[in-house]
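Scroll down for the structure; my scribbles are underneath it.
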Amino acid sequence: MYLLRPIGKNVVACIREEHPRGVDRVLVTAPPRALLDGIQIAKYGGIIAFIGIEYGEGAQITFDVNRFHFKKLQLRASFAVPNMMFPTALDLLKRRVIDPELFITHTIKLVDVPTFMREAAKF
């Protein structure tokens, strides 16, 4: 797994150096133009998951559809709204419709989070 923040670097060249044939999976969390790099670094049959957003002109891109098709690539888009049901979840917990004891294993102070996470990583 790679996490790339290539400020001033060529993403495609970085990946191709390690994986000349490309990679199986690409997760694009950047604006749509980053999909172009994703298409280049995905290997034959690869899957590109896209969750990036941009408004205005940057929302539209153009790419070689034939190349995409011949490489048998898949593009999977996702737009999550993880907080959409948060008020309902809180209400269910408050009314104890759902027992929080079933899944809350620890409570810690915010200041203790780094230490707790280091310890949890050992397991």
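Heads up: the sequence shown is residues 1266 to 1388, going by the working numbering.
The beta carbon of each residue, even a glycine, is placed where N, CA and C say it ideally should be.
Can you tell me where the beta strand (DSSP E) with residue 1389 in it begins and where it stops? Absent from the structure is residue 1389, since the part of the chain shown begins at 1266 and ends at 1388.
Using the DSSP secondary-structure output, state which residues sit across from residue 1290 in a beta bridge. 1312
Please classify residue 1315 as buried or exposed, where buried requires at least 16 neighbouring CB atoms within 10 angstroms. buried
Check whether the Cβ atoms of residue 1317 and residue 1296 lie closer than 8 Å to each other. yes
Span of the beta strand (DSSP E), counted from its first residue to its last, around residue 1341: 1339-1342
If you compare alpha carbons, which of 1384, 1386, 1302, 1335 is closest to residue 1313? 1302
Is DSSP giving residue 1296 helix, strand or coil here? coil
Roughly how many whole angstroms lie between the Cα atoms of residue 1352 and residue 1343? Cα-Cα distance, rounded: 22 Å.
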